[in-house]
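Residues 31 to 322 (our numbering) are what the sequence shown spells out, left to right.
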Amino acid sequence: MTTSGAVVDAVIRKARALTEKQRGQDSLDIFNQLFRYILGDKLHTDVIEFGEEQHVLDVGCGSGLWPILMAQQLETILAPMHLNSPNLPSILAAYRQIILPEKMKKGSIKSWSTLYGKIATHLKHGTGVFEQFEIDWKFKRNSDPIPEALEKWSTKLHHAMEDHGMSIQCDPEETRSMLLNNGFNDVQERAILLPVNDWQSKDADKKIGRWFNTALTESILPMSIPPLVRTNQNVNAIHDLIAKVSEELYSKKHTQGLYCMLYPAQRKTSVYASIHPLSLTWRFGGLSGLNG
31 MTTSGAVVDA
41 VIRKARALTE
51 KQRGQDSLDI
61 FNQLFRYILG
71 DKLHTDVIEF
81 GEEQHVLDVG
91 CGSGLWPILM
101 AQQLETILAP
111 MHLNSPNLPS
121 ILAAYRQIIL
131 PEKMKKGSIK
141 SWSTLYGKIA
151 THLKHGTGVF
161 EQFEIDWKFK
171 RNSDPIPEAL
181 EKWSTKLHHA
191 MEDHGMSIQC
201 DPEETRSMLL
211 NNGFNDVQER
221 AILLPVNDWQ
231 SKDADKKIGR
241 WFNTALTESI
251 LPMSIPPLVR
261 TNQNVNAIHD
271 LIAKVSEELY
281 SKKHTQGLYC
291 MLYPAQRKTS
301 VYASIHPLSL
311 TWRFGGLSGL
321 NG
């Protein structure tokens, strides 16, 4: 079933209007733009092939912009599902998904193994693809030390999330093992360097750096305030620390050669799989019955 471009455009305009009122969701969509640029201005990886009557289920986070854009690309309808709907389990069971993307869920899932197992049951066997994007928030540098405030912020954030039982640590080997044990095979994964600003020489890398810098300063730093506050740290001290981190991220003097790692991956059930590590979020935005 298709819908007119005018209807889709109206939905997109409405979504943008909503996100203007919700800075947290709006800022998360910065990452959608970052991922899209890394994927060559695409909404998904090349491994996914769409035919007739294909279904897409988004587990991700943010304002829901990704599925809206997918509906526009596929010239089909967008069917919103309410998390508390008593019919949701039967609706999900009736359709097997061709693609199920997950972005930035580290810090919001207690049992990744359980989540992967449930996701596998909702994919079309043999052709359904699960894509995951997670960022390793352990900053790296080839020679010079990590800027002081940034290193302090990262360490405090990791400890705060560990204390809350919601680790944000990325372990590609552990992730791969859990996927293989939960019905996925042919797991494809890679690592992408994310410069914290435009310090690299190539224009394409500079653009990635600018997008990532915006994502860090406008999204990740503000989102880190709640978990740090909940560990009984001084609120004013937290805000001062984040202000210093922002200054460091804007300064090429402090950030030359500084980067994070993005782990993109794809996975298929029974035949193929894919992974994209690149995450940080504190509110689960997925579907009821899928969170582990």
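For glycine and all other residues, C-beta sits at the position ideal for the given N, C-alpha and C.
What you are looking at is a predicted structure, and each value in this text was computed from that prediction instead of being measured.
Element boundaries [beta strand (DSSP E), containing residue i]
| i | result |
| --- | --- |
| Leu-223 | 222–225 |
| Gln-230 | Where Gln-230 is concerned, there is no enclosing beta strand (DSSP E), given that its DSSP letter is neither H nor E. |
| Val-217 | 214–219 |
| Val-159 | 159–171 |
8 Å Cβ shell around residue i - same chain, five flanking residues per side excluded
| i | result |
| --- | --- |
| Lys-51 | Only weak support exists for where Lys-51 lies, its pLDDT of 43 falling under 50; the coordinates are left without a value. |
| Lys-72 | Arg-66 |
| Trp-241 | Ile-60, Gln-63, Leu-64, Tyr-67 |
| Val-259 | Val-265, Ile-268 |
Nearest-angstrom Cα separation, counted from residue j out to residue i
| i | j | result |
| --- | --- | --- |
| Tyr-289 | Leu-223 | 7 Å |
| Ala-101 | Lys-135 | 23 Å |
| Tyr-67 | Ile-238 | 8 Å |
| Leu-13 | Glu-105 | Because the chain here runs from 31 to 322, residue 13 falls outside it and cannot be looked at. |
| Trp-229 | Leu-251 | 20 Å |
| Phe-160 | Ala-267 | 40 Å |
| Asn-172 | Pro-202 | 21 Å |
| Gln-103 | Glu-192 | 39 Å |
| His-221 | Cys-200 | This sequence places Ala at residue 221; His is not what is there. If you take the alpha carbons of Ala-221 and Cys-200, they lie about 12 Å apart. |
| Gly-158 | Gln-218 | 14 Å |
| Glu-204 | Leu-153 | 22 Å |
| Ser-207 | Gly-156 | 19 Å |
| Ile-198 | Ser-143 | 15 Å |
| Thr-244 | Pro-97 | 23 Å |
| Met-291 | Thr-285 | 15 Å |
| Ala-190 | Ser-276 | 20 Å |
| Lys-282 | Asp-270 | 20 Å |
| His-194 | Val-86 | 32 Å |
Start-to-end residues for the alpha helix (DSSP H) that takes in residue i
| i | result |
| --- | --- |
| Glu-181 | 178–193 |
| Glu-204 | 202–210 |
| Asn-264 | Segment: none, Asn-264 is in no alpha helix (DSSP H) and carries neither H nor E. |
| Thr-98 | Per the sequence presented here, residue 98 reads as Ile, with Thr not at that position. Counting along the chain, the alpha helix (DSSP H) containing Ile-98 begins and ends at 95–104. |
| Leu-246 | Note, Leu-246: premise wrong, no alpha helix (DSSP H); not H, not E. |
| His-284 | 282–285 |
| Ser-143 | 142–151 |
| Cys-257 | What sits at residue 257 in the sequence shown is Pro, not Cys. Per DSSP, Pro-257 belongs to the alpha helix (DSSP H) from 255–259. |
Neighbourhood of residue i by C-beta, 6 Å cutoff - its chain only, sequence neighbours within 5 removed
| i | result |
| --- | --- |
| Leu-187 | Ser-254 |
| Ser-231 | none |
| Ile-272 | Leu-251 |
| Lys-147 | The residue asked about is misnamed: residue 147 is Gly in this sequence, not Lys. Cβ neighbours of Gly-147 beyond the five flanking positions: Asn-212. |
| Lys-274 | Ala-179 |
| Ile-176 | Phe-169 |
Distance cut-off 8 Å: residue i Cβ against heavy atoms of the ligand NAP
| i | result |
| --- | --- |
| Leu-224 | The ligand NAP is not part of this structure, which contains no ligands at all. |
Assigned exposure category for residue i - 16 Cβ within 10 Å defines buried
| i | result |
| --- | --- |
| Tyr-293 | buried |
| Asp-166 | buried |
| Ser-249 | buried |
| Glu-178 | exposed |
| Ala-234 | exposed |
| Asn-262 | exposed |
| His-74 | buried |
Nearest-angstrom beta carbon gap, residue j and residue i [assumed within contact, 8 Å]
| i | j | result |
| --- | --- | --- |
| Ser-184 | Lys-168 | 7 Å |
| Leu-180 | Glu-278 | 5 Å |
| Ser-138 | Met-196 | 6 Å |
Cβ shell of residue i (< 7 Å), same chain only, five flanking positions each side left out
| i | result |
| --- | --- |
| Leu-246 | Val-226, Leu-279 |
| Lys-236 | Asp-228, Gln-230 |
| Asp-174 | Gly-287 |
| Leu-99 | Leu-73 |
| Lys-182 | Leu-271 |
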